[in-house]
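Engineer: Mapping to the working numbering: the sequence shown position 181 is 190, numbers consecutive.
Backbone N, C-alpha and C fix where the C-beta goes; we use that ideal spot for every residue, glycine too.
Remember, predicted model here, so these are calculated numbers, not experimental data.
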Amino acid sequence: MTVPELNFDHVSRMSTAIGLYEHALLTAPRRDHGYCVDDVARGLVLTSREPEPSVEVRQLTSTYLRFLGGAQDGGGRFRNRRRDDGSWADEASTGDHWGRALWGLGTVAAASTEDDVREFALVHAAIGLQARSSSVRATAHAAIGAYEVLRALPGDPGARAMLAVARLAVAGPGSGPSWPWPEARLLYANALLPEAMLVIGSGLGDDAVLQRGLSLLVWLLEVQTRDGHLSVIPTGGWQLGERRPGFDQQPIEVTALAEACARALELTGDPAWKIGLDRCVEWFLGANDVGIAMYDPVSGGGFDGLEAGGVNRNQGAESTLAALTTFQLARRVAARAEL
């Protein structure tokens with residue numbers, strides 16, 4: 010399988026000096042819909058992981074960092090939505106966007122080779138790690154961000170405290186052998202939860218939590234594989250007894266699986282996890298329930314959803330970043346294997 014090279018054309022098209030537009034009409038940014046921390050944080054993860062970033066990608070990283078810094082309040086919470094004119098449209102809170110912001114900041118802190126960039130990320134991550142959220146997925150993302158902070162600052166007390174809080178929030182029991190999942194139904198970006206368990210277990214030296222994350226990821230991959238390809242949970246979620254396949258399938262479900270498989274490979278060294286990561290890449294290239302590619306190599310954009318009759322051809326930020334991040338993860342794994 011040939012993994013596409015990363016094309017940042019559409020990400021740049023969707024970005025301004027303020028941030029990253031959330032939605033698109035085909036390839037045109039929907040400026041009236043404004044910006045959000047959710048997608049800016051995803052964009053920051055992508056750009057900061059580039060091993061040899063171009064000047065353009067470095068500029069995007071700086072823009073996205075400024076956006077997150079401006080979104081944060083003194084208590085560590087973040088506003089999420091920003092209008093086209095740069096004004097904020099909501100109050101600071103600790104919803105899912107807070108967790109994603111910490112994920113982005115932690116990733117920059119661990120990945121950047123520039124002292125000023127890394128210091129900016131660490132300062133804002135330290136403030137954000139003081140806050141807490143009632144959202145399981147927000148806390149899971151915050152845990153992953155905390156784990157990345159520990160790469161930059163081993164033993165950091167704020168990061169370790171977040172992992173301890175997340176262990177209680179994320180690693181709950183299932184209802185039995187037929188449904189080991191810690192929630193009553195699969196919802197969205199589901200593989201985020203086992204990935205969080207992996208970093209919590211690794212960061213705190215809790216092998217039981219790490220092993221639970223691995224076993225849940227195996228189960229989740231089995232549930233979301235059909236006839237040798239990924240058949241992911243639709244936007245409405247899924248539980249036992251409901252029909253499959255379901256649509257509208259979202260790219261973020263696939264990239265969450267890719268992130269978790271890459272993390273499992275990193276922590277265990279087991280090459281079997283590359284099979285799951287490869288299937289995520291293949292899903293974007295057409296190995297899915299409809300047999301249509303979910304990525305446009307010409308524009309560099311990802312399509313917004315897989316429908317029973319085709320694809321939603323709008324190329325919003327979330328879907329574009331999902332495709333590029335999945336390709337980036339696969340290329341990073343391949344590069345490490347060549348060393």
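(1) Mapping DSSP to helix, strand and coil, what is G185?
(2) My guess is that A180 and I209 are in contact by the Cβ rule of under 8 Å, so how many angstroms apart are they, rounded?
(3) Are the stretch 138–158 and the stretch 108–115 in contact at 8 Å, needing three or more beta carbon pairs?
(4) Would you call the stretch 121–129 in contact with the stretch 94–107, where contact means no fewer than 3 C-beta pairs closer than 8 Å?
(5) Which same chain residues, not among the five before or five after L34, have their C-beta less than 8 Å away from its C-beta?
(6) Closer than 8 Å by C-beta to V66: which residues in its own chain qualify, once you throw out the five before and the five after it? Chain order, please.
(7) Opposite S102 in the DSSP bridges: which residues?
(8) May I ask you to report which of helix, strand or coil DSSP gives D305?
(9) Going by DSSP in three states, H32 sits in which element: helix, strand or coil?
(10) Pull up the distance between the alpha-carbon of V263 and that of A331, whole angstroms please.
(11) Which whole runs of the alpha helix (DSSP H) in the stretch 192–250 are 4 residues long or more, in chain order?
(12) How about R22 and T11: do their beta carbons lie closer than 8 Å?
(13) Which of helix, strand or coil does DSSP assign to P163?
(14) Out of L249, E128, L286, point me to the one whose CA is closest to A343's CA.
Structural biologist: Looking at the atomic coordinates:
(1) strand
(2) 7 Å
(3) yes
(4) no
(5) N323
(6) F17, T56, E59
(7) F87
(8) strand
(9) coil
(10) 8 Å
(11) 201–213, 216–232
(12) no
(13) coil
(14) L286
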